[in-house]
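> Take this structure first; my questions come after.
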Amino acid sequence: MKGVSTTVAPGYVPEPAPAVDECPAVDAAVRLERVSKRFGARMVLDDVTFAVPRSRAFCILGRSGTGKSVTLRHIIGLVKPDAGQVFVDGLEITALGSRGLADVRRRMGFLFQAGALFDSLTVGDNVAFPLRRHTKLPEDEIRQRAQEKLAAVGLEHEFDKMPADLSGGMRKRAGLARAMALDPAVLLVDEPSAGLDPITTREIDQLLIERKRHGTTLVVVTHNIPSARLLGDDFALLHGGKIVARGTAQDLDASDDPLVQAFMRSEGGG
Amino acid sequence: MPAALIVDRVGDVVLGFFATAGALAVFAGRAVVEAFRPPYDFAEILRHLYQFGLRSMPLIVTAGFAIGVVLSMHTRASLERFGAEAMIPAGLAIALIRETGPLTAGLLVAGRVGAGIGAEIGAMRVTEQIDALEASAVDAFKYLVVTRVVACMVAMPVLTTMMNFSGVIGGYVSEAALSGMPWQLYFERSFMFIGFADLIPATLKTIVFGFLIAIVGSYLGFTTGGGTEGVGNASTRSVVLASILLILSNVLLVRLIFFFYPPAHG
Numbered sequence: 000m001k002g003v004s005t006t007v008a009p010g011y012v013p014e015p016a017p018a019v020d021e022c023p024a025v026d027a028a029v030r031l032e033r034v035s036k037r038f039g040a041r042m043v044l045d046d047v048t049f050a051v052p053r054s055r056a057f058c059i060l061g062r063s064g065t066g067k068s069v070t071l072r073h074i075i076g077l078v079k080p081d082a083g084q085v086f087v088d089g090l091e092i093t094a095l096g097s098r099g100l101a102d103v104r105r106r107m108g109f110l111f112q113a114g115a116l117f118d119s120l121t122v123g124d125n126v127a128f129p130l131r132r133h134t135k136l137p138e139d140e141i142r143q144r145a146q147e148k149l150a151a152v153g154l155e156h157e158f159d160k161m162p163a164d165l166s167g168g169m170r171k172r173a174g175l176a177r178a179m180a181l182d183p184a185v186l187l188v189d190e191p192s193a194g195l196d197p198i199t200t201r202e203i204d205q206l207l208i209e210r211k212r213h214g215t216t217l218v219v220v221t222h223n224i225p226s227a228r229l230l231g232d233d234f235a236l237l238h239g240g241k242i243v244a245r246g247t248a249q250d251l252d253a254s255d256d257p258l259v260q261a262f263m264r265s266e267g268g269g
Numbered sequence: 000m001p002a003a004l005i006v007d008r009v010g011d012v013v014l015g016f017f018a019t020a021g022a023l024a025v026f027a028g029r030a031v032v033e034a035f036r037p038p039y040d041f042a043e044i045l046r047h048l049y050q051f052g053l054r055s056m057p058l059i060v061t062a063g064f065a066i067g068v069v070l071s072m073h074t075r076a077s078l079e080r081f082g083a084e085a086m087i088p089a090g091l092a093i094a095l096i097r098e099t100g101p102l103t104a105g106l107l108v109a110g111r112v113g114a115g116i117g118a119e120i121g122a123m124r125v126t127e128q129i130d131a132l133e134a135s136a137v138d139a140f141k142y143l144v145v146t147r148v149v150a151c152m153v154a155m156p157v158l159t160t161m162m163n164f165s166g167v168i169g170g171y172v173s174e175a176a177l178s179g180m181p182w183q184l185y186f187e188r189s190f191m192f193i194g195f196a197d198l199i200p201a202t203l204k205t206i207v208f209g210f211l212i213a214i215v216g217s218y219l220g221f222t223t224g225g226g227t228e229g230v231g232n233a234s235t236r237s238v239v240l241a242s243i244l245l246i247l248s249n250v251l252l253v254r255l256i257f258f259f260y261p262p263a264h265g
């Protein structure tokens, strides 16, 4: 792998990013305000604040175990913060009951790191699952839409296969097709390129860019800097549960923080 | 080992037991409440009915037949001494329908279905499928737990009836082989002393068995942690805990049945 190592000096203490986000609350599709989360003795998120404007792609970078996936889980309400608030489309989801939360989730899609396909359903039924649950479309139209979503990720011939018969990368792509099934306003993507070959990674990136052009807000957790540069409008770098750098790719490139430099100069994928 | 350490460990075990029992009770209570709240997932219930009911049928029918044969041989050995061979069909039918059928069917389903529920939901937990359901705006508890509990409660009385029936057939085959008793006479004698109080409460008590089997498997699956090892543990513990609860609840249920239908009137 070319590029600068992401190893930083022991005892490295980065400068914290500004606590208040510049994006006005009303324009934000997703907004976290002073969110903190602790699992046992470990502080996973520490006073995290950011906002993602509509139809933009926000990339969360950081080393493994710095709370990136937990941040995504907060946004869709799978994890509740110990402190702070999470807003989606202006609604404070931390204050919603199960029905209110379900309404918000219907407008969101989530790609899990390993795809998280339902292994008792075929690939096609996985993609059709949200359509069957949340729309009153006739069955043939549901199948057609599921087929289209699968075709968009290059899996049009895998409709009747079981998830166990797919490779890891194919499962991930099928997971993305399922996440996009309801054409969500907000798409949360956890490591879209992990385990994928460079060509498929580029195709997935193009697909996500296409979603963004159609108005979808993207929140992407990734280690893949070339992919993030292609997708992202705004970036945040998480370290030790805190956002230590935030801004556009140019802002981060210009940073003299060694951790930010290490990340932005790396060319590693996956 | 110092006494304080022993007290500590015993205390941990006792507290852990009560914590688990409490969590299981809350989980079961939630399942009951959610079962009455729409929407109802009939397609999933039917799918589980097929899995738990129809696919358990070969095991239940085979076991029932074998138990019928064995019970018949034991009953013959006992009653022959008193010259009461004519009572063999009735004795076997009463033993089967009142106790052996329901309890054996319960234990067999706890083994087959309980383990399956624990393993399936546990695997869904560790592979984030439960989170994926929630992220898809689906109430995972209703979708996974309530549908399984309802299906198991519906399947158990049907499976028990099948076990009783195949047991009686097994008894007849054994009896026909040993004494050449005609089948009309065998069945007439089998059901001569079987009344409402023998058949209905004993069959319906298996609804409680079905509830316990599905709740225990679902709870242990839902709370699985620790990867594939955790899934294996959930599966094994589902069978053990469901079997224990089933046997203990049977004591209470039989007492309850005898309270409402005293044996003298049965």
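First to last, the sequence lines map onto chains A and B.
Its first residue numbered 0, the first sequence is counted upward by one per residue in numbering that gives the first Met the number 0.
Its first residue numbered 0, the second sequence is counted upward by one per residue in numbering that gives the first Met the number 0.
Cβ coordinates follow ideal geometry from the N, Cα and C atoms, glycine included.
Counting C-beta neighbours from all protein chains within 10 Å, is the total for L245 of chain B 16 or more, i.e. buried, or is it exposed?
To locate residue 245 of chain B, count along the second sequence from 1; it is residue 246. The residue in question, L245 of chain B, is buried, as its Cβ has 16 or more Cβ neighbours within 10 Å.
> Distance check for G100 of chain B and G216 of chain B, CA to CA, integer angstroms please.
Taking the second sequence and counting its residues from 1, one reaches residue 216 of chain B at position 217. Taking the second sequence and counting its residues from 1, one reaches residue 100 of chain B at position 101. Approximately 22 Å between the Cα atoms of the pair.
> Whose C-beta lies closer than 8 Å to the C-beta of T215 of chain A among residues of the same chain, with five residues either side of it excluded?
Here residue 215 of chain A refers to the residue found at position 216 of the first sequence. A distance below 8 Å between beta-carbons, with the five flanking residues on each side excluded, links T215 of chain A to the following residues of its chain, in chain order: S54, D182, P183, A184, V185 and L186.
> Closest Cβ-Cβ distance between R41 of chain A and chain B: below 7 Å?
As a position in the first sequence, residue 41 of chain A is number 42, starting the count at 1. R41 of chain A does not count as touching chain B.
> Report all residues from its chain with a CB closer than 6 Å to the CB of L219 of chain B; omit the five preceding and five following residues, and keep chain order.
Reading the second sequence from its first residue, position 220 is the one you call residue 219 of chain B. Closer than 6 Å at the Cβ level, and outside the excluded window around L219 of chain B, lie G117, A233, R236 and S237.
> What residue range does the beta strand (DSSP E) around S173 of chain B cover?
Counting from 1 along the second sequence, the entry for residue 173 of chain B is found at position 174. Judged by DSSP secondary structure, S173 of chain B falls outside any beta strand (DSSP E) and instead within the alpha helix (DSSP H) spanning T146 to S178.
> Which residues share a DSSP beta bridge with R245 of chain A?
Position 246 of the first sequence holds residue 245 of chain A. Paired residue(s): A:A235.
> Use the C-beta contact count for L251 of chain B: other C-beta atoms within 10 angstroms, 16 or more gives buried, fewer gives exposed.
Within the second sequence, numbered from 1, the residue matching residue 251 of chain B stands at position 252. Answer is exposed; the Cβ neighbour count stays below 16.
> To the nearest angstrom, how far is it from the Cα of A244 of chain A to the Cα of D124 of chain A?
On the first sequence, position 245 is the one that residue 244 of chain A refers to. On the first sequence, position 125 is the one that residue 124 of chain A refers to. About 41 Å.
> Would the segment 163 to 170 of chain B count as touching the segment 131 to 139 of chain A if we require 3 or more Cβ pairs under 8 Å?
no
> Helix or strand or just coil, what does DSSP make of L120 of chain A?
Here residue 120 of chain A is taken as the residue at index 121 of the first sequence, counted from 1. Here L120 of chain A sits in coil by DSSP.
> Determine the closest residue to G105 of chain B out of B:T160, B:G28 and B:L4, with distance taken between C-alpha atoms.
Numbered from its first residue, the second sequence carries residue 105 of chain B at position 106. Of B:T160, B:G28 and B:L4, the residue nearest in Cα terms is B:T160.
> Hey, which unbroken runs of the beta strand (DSSP E) at 3 residues or more fall wholly within the segment 51 to 132 of chain A?
Taking only runs of at least 3 residues, the beta strand (DSSP E) segments lying wholly in the segment 51 to 132 of chain A are 56 to 61, 82 to 87 and 107 to 110.
> Does the beta carbon of F109 of chain A come closer than 7 Å to any beta carbon on chain B?
Looking up residue 109 of chain A in the first sequence gives position 110. Interface residue, yes.
> Taking DSSP as the reference, what is the three-state secondary structure of K36 of chain A?
As a working note, residue 36 of chain A is residue 37 in the first sequence. Here K36 of chain A sits in strand by DSSP.
> Relative to the C-alpha of D252 of chain A, which candidate in A:H238, A:I224 and A:G240 has its C-alpha closest?
For the purposes of this step, residue 252 of chain A is taken as the residue at position 253 of the first sequence. The candidate whose alpha carbon is nearest that of D252 of chain A is A:I224.
> Distance check for S265 of chain A and K1 of chain A, CA to CA, integer angstroms please.
Taking the first sequence and counting its residues from 1, one reaches residue 1 of chain A at position 2. Taking the first sequence and counting its residues from 1, one reaches residue 265 of chain A at position 266. Any reading at K1 of chain A must be qualified, since the residue scores a pLDDT of 37, below 50, and its modelled position is unreliable; the value itself is stated next. In this structure, the alpha-carbon of K1 of chain A lies about 7 Å from that of S265 of chain A.
> Assign D20 of chain A to one of three DSSP states: helix, strand, or coil.
To locate residue 20 of chain A, count along the first sequence from 1; it is residue 21. Confidence at D20 of chain A is low in this model, with a pLDDT of 49, below 50, so its placement is unreliable and no value can be given for it.
> Give the single residue among B:R54, B:F81, B:K141 and B:V230 whose Cα lies nearest to the Cα of E43 of chain B.
Taking the first residue of the second sequence as 1, we reach residue 43 of chain B at position 44. Here the closest residue by C-alpha is B:K141.
> Per DSSP, what kind of secondary structure is S265 of chain A in: helix, strand or coil?
Translated into positions along the first sequence, residue 265 of chain A becomes position 266. Strand at S265 of chain A.
> Just to confirm my understanding: we take M123 of chain B, look at its own chain, exclude 5 residues before and 5 after, and list those with CB closer than 6 Å. What are they?
If you number the second sequence from 1, residue 123 of chain B lands on position 124. Only residues of its own chain outside the window of five on either side were considered, and among them I129 have a CB closer than 6 Å to the CB of M123 of chain B, listed in chain order.
> Determine whether the beta carbon atoms of L207 of chain A and G61 of chain A lie at a separation below 7 Å.
As a working mapping, residue 207 of chain A is identified with position 208 in the first sequence. As a working mapping, residue 61 of chain A is identified with position 62 in the first sequence. The answer is no: Cβ separation not under 7 Å.
> So what does DSSP say about V220 of chain A, is it helix, strand or coil?
Translated into positions along the first sequence, residue 220 of chain A becomes position 221. Reduced to three states, the DSSP call for V220 of chain A is strand.
> Using 10 angstroms around the beta-carbon of Y185 of chain B, count the other beta-carbons present and answer buried if the total reaches 16, otherwise exposed.
To locate residue 185 of chain B, count along the second sequence from 1; it is residue 186. Classification of Y185 of chain B: buried, given that the 10 Å Cβ count is 16 or more.
> Quick one: what does DSSP say M169 of chain A is sitting in, helix, strand or coil?
To locate residue 169 of chain A, count along the first sequence from 1; it is residue 170. Helix at M169 of chain A.
> Quick one: using the 10 Å Cβ neighbour count with 16 as the cut-off for buried, is Y49 of chain B buried or exposed?
Your numbering for residue 49 of chain B matches position 50 in the second sequence. So Y49 of chain B ends up on the exposed side.
> Quick check on H156 of chain A: buried or exposed, where buried means 16 or more other Cβ atoms within 10 Å of its Cβ?
The residue you call residue 156 of chain A lines up with position 157 of the first sequence. Under this definition H156 of chain A is an exposed residue.
> Using the beta-carbon of each residue, which ones in chain A are nearer than 7 Å to E133 of chain B?
Position 134 of the second sequence holds residue 133 of chain B. Within chain A, the residues near E133 of chain B are L77.
> Using a Cβ-Cβ cut-off of less than 7 Å, give me the residues of the segment 94 to 105 of chain A that come near chain B, in sequence order.
S97, A101, R104 and R105
> Beta-carbon within less than 7 Å of I75 of chain A's beta-carbon, same chain only, minus the 5 sequence neighbours each way: which residues are those?
As a working note, residue 75 of chain A is residue 76 in the first sequence. Closer than 7 Å at Cβ, skipping near neighbours: R104, M107, F109 and L187.
> Taking I59 of chain B as the reference, give the member of B:E84, B:V13, B:L107 and B:E33 with the closest Cα.
Looking up residue 59 of chain B in the second sequence gives position 60. Nearest C-alpha to I59 of chain B: B:L107.
> If F192 of chain B and A89 of chain B are in contact, beta carbons under 8 Å, what's the gap, nearest whole angstrom?
Indexing the second sequence from 1 puts residue 192 of chain B at position 193. Indexing the second sequence from 1 puts residue 89 of chain B at position 90. Going by Cβ atoms, the distance from F192 of chain B to A89 of chain B rounds to 5 Å, so yes, they are a contact pair.
> If we ignore side chains and look at the alpha-carbon of each, how far apart do P162 of chain A and L116 of chain A end up?
On the first sequence, residue 162 of chain A is found 163 positions in, with the first residue counted as 1. On the first sequence, residue 116 of chain A is found 117 positions in, with the first residue counted as 1. Cα-Cα distance, rounded: 7 Å.
> With DSSP as the reference, label Q206 of chain A as helix, strand or coil.
Counted from its first residue, the first sequence places residue 206 of chain A at position 207. According to the sequence displayed, residue 206 of chain A carries Leu and not Gln. Residue state, collapsed to three classes: helix.
> Which residue from B:G113, B:T202 and B:G179 puts its Cα closest to that of P156 of chain B?
Residue 156 of chain B sits at position 157 when you count from the first residue of the second sequence. For P156 of chain B, the nearest C-alpha among the options comes from B:T202.
> Check whether chain B comes within 7 Å of F117 of chain A, counting only Cβ atoms and requiring the distance to be less than that.
Within the first sequence, the letter at position 118 stands for residue 117 of chain A. Yes, contact with chain B.
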